[in-house]
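Worksheet: one structure, shown below.
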Amino acid sequence: MTGAAGGIFGGLGEAGPSEPTCSRAGCRAVATAAVNWRNPKIHGPERVKVWLACDEHTEFLREYLRARDFPVLVGPVGHVPDAGAVTA
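Residue numbers 5 to 92, in our numbering, belong to the letters of the sequence shown in order.
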(Lines of atoms letter the chains of each structure in order from A and count residues from 1; the text may use other names and numbers.)
(Lines give C-alpha, C1' and ligand atoms only; values in the text may rest on other atoms or scores of the structure.)
Protein backbone atom coordinates (compact mmCIF):
# COMPACT_ATOMS: atom_id res chain seq x y z
CA MET A 1 0.00 0.00 0.00
CA THR A 2 1.27 3.46 -0.79
CA GLY A 3 0.93 6.69 1.16
CA ALA A 4 -2.40 8.19 2.16
CA ALA A 5 -2.63 10.51 -0.84
CA GLY A 6 -2.08 7.73 -3.33
CA GLY A 7 -3.97 5.01 -1.53
CA ILE A 8 -3.98 1.61 -3.17
CA PHE A 9 -4.12 3.27 -6.58
CA GLY A 10 -0.72 4.90 -6.15
CA GLY A 11 -1.44 8.06 -8.08
CA LEU A 12 -5.01 9.03 -7.45
CA GLY A 13 -5.19 12.80 -7.25
CA GLU A 14 -1.83 13.29 -8.94
CA ALA A 15 -1.45 14.92 -12.33
CA GLY A 16 -1.89 12.50 -15.23
CA PRO A 17 0.08 12.37 -18.45
CA SER A 18 0.39 15.62 -20.41
CA GLU A 19 -0.83 13.89 -23.59
CA PRO A 20 -3.68 11.40 -23.99
CA THR A 21 -2.48 7.81 -24.01
CA CYS A 22 -3.71 4.66 -25.72
CA SER A 23 -6.39 2.64 -23.91
CA ARG A 24 -4.97 -0.73 -25.01
CA ALA A 25 -3.79 -2.66 -21.96
CA GLY A 26 -0.11 -2.06 -21.31
CA CYS A 27 0.30 0.59 -24.03
CA ARG A 28 1.52 4.04 -23.03
CA ALA A 29 1.87 5.47 -26.55
CA VAL A 30 0.33 8.81 -27.45
CA ALA A 31 -3.28 8.42 -28.62
CA THR A 32 -4.06 9.62 -32.14
CA ALA A 33 -7.63 8.31 -32.51
CA ALA A 34 -10.86 8.25 -30.51
CA VAL A 35 -12.73 4.95 -30.79
CA ASN A 36 -16.36 5.83 -30.01
CA TRP A 37 -18.56 2.83 -29.28
CA ARG A 38 -21.63 1.65 -27.45
CA ASN A 39 -23.26 -1.57 -26.32
CA PRO A 40 -26.75 -1.45 -27.89
CA LYS A 41 -27.98 -4.32 -25.71
CA ILE A 42 -27.82 -2.15 -22.59
CA HIS A 43 -27.58 1.49 -23.80
CA GLY A 44 -29.46 3.68 -26.23
CA PRO A 45 -27.80 5.84 -28.91
CA GLU A 46 -27.23 8.69 -26.43
CA ARG A 47 -24.76 6.60 -24.37
CA VAL A 48 -21.37 6.44 -26.12
CA LYS A 49 -18.07 5.34 -24.60
CA VAL A 50 -14.67 6.44 -25.89
CA TRP A 51 -11.41 4.55 -25.94
CA LEU A 52 -8.27 6.33 -27.07
CA ALA A 53 -5.91 4.52 -29.43
CA CYS A 54 -2.41 4.96 -30.81
CA ASP A 55 -1.72 4.28 -34.50
CA GLU A 56 -0.68 0.71 -33.72
CA HIS A 57 -3.85 -0.23 -31.79
CA THR A 58 -6.66 1.68 -33.54
CA GLU A 59 -7.60 -1.19 -35.84
CA PHE A 60 -7.21 -3.77 -33.05
CA LEU A 61 -9.66 -1.91 -30.78
CA ARG A 62 -12.09 -1.28 -33.65
CA GLU A 63 -12.15 -4.99 -34.60
CA TYR A 64 -12.39 -6.07 -30.94
CA LEU A 65 -15.62 -4.07 -30.63
CA ARG A 66 -17.02 -5.02 -34.05
CA ALA A 67 -16.50 -8.71 -33.25
CA ARG A 68 -18.99 -8.17 -30.40
CA ASP A 69 -21.45 -6.42 -32.74
CA PHE A 70 -20.95 -3.04 -31.05
CA PRO A 71 -21.35 0.02 -33.28
CA VAL A 72 -18.02 1.83 -33.66
CA LEU A 73 -17.01 5.21 -35.05
CA VAL A 74 -13.32 6.19 -35.17
CA GLY A 75 -12.19 9.81 -35.40
CA PRO A 76 -9.35 12.02 -34.25
CA VAL A 77 -8.69 12.53 -30.53
CA GLY A 78 -10.99 15.25 -29.24
CA HIS A 79 -13.63 14.83 -31.93
CA VAL A 80 -17.09 14.41 -30.50
CA PRO A 81 -19.51 12.71 -32.92
CA ASP A 82 -23.01 14.09 -33.38
CA ALA A 83 -25.68 12.61 -31.12
CA GLY A 84 -26.82 9.28 -32.50
CA ALA A 85 -23.87 8.99 -34.92
CA VAL A 86 -22.61 5.75 -33.33
CA THR A 87 -25.31 3.39 -34.59
CA ALA A 88 -25.53 -0.24 -35.60
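Glycine included, every Cβ here is placed at the ideal spot set by N, Cα and C.
Applying the 10 Å Cβ sphere with the 16-neighbour rule, what's the burial state of residue i?
i, result
"A89", "exposed"
"N40", "buried"
"H61", "buried"
"R72", "exposed"
"D59", "exposed"
"R70", "exposed"
"A87", "exposed"
"R51", "exposed"
"H83", "exposed"
Assuming residue i and residue j are in contact, meaning their beta carbons sit under 8 Å apart, how far apart are those beta carbons, in whole angstroms?
i, j, result
"A37", "V54", "About 10 Å; that fails the 8 Å criterion."
Exercise. Counting pairs of beta carbons, one from the region 21 to 31 and one from the region 41 to 49, are three or more of them closer than 8 Å?
Worked result: no
For this session: Quick one: which unbroken alpha helix (DSSP H) runs of 4-plus residues sit fully inside the region 22 to 85? Chain order, please.
Result: 62 to 70
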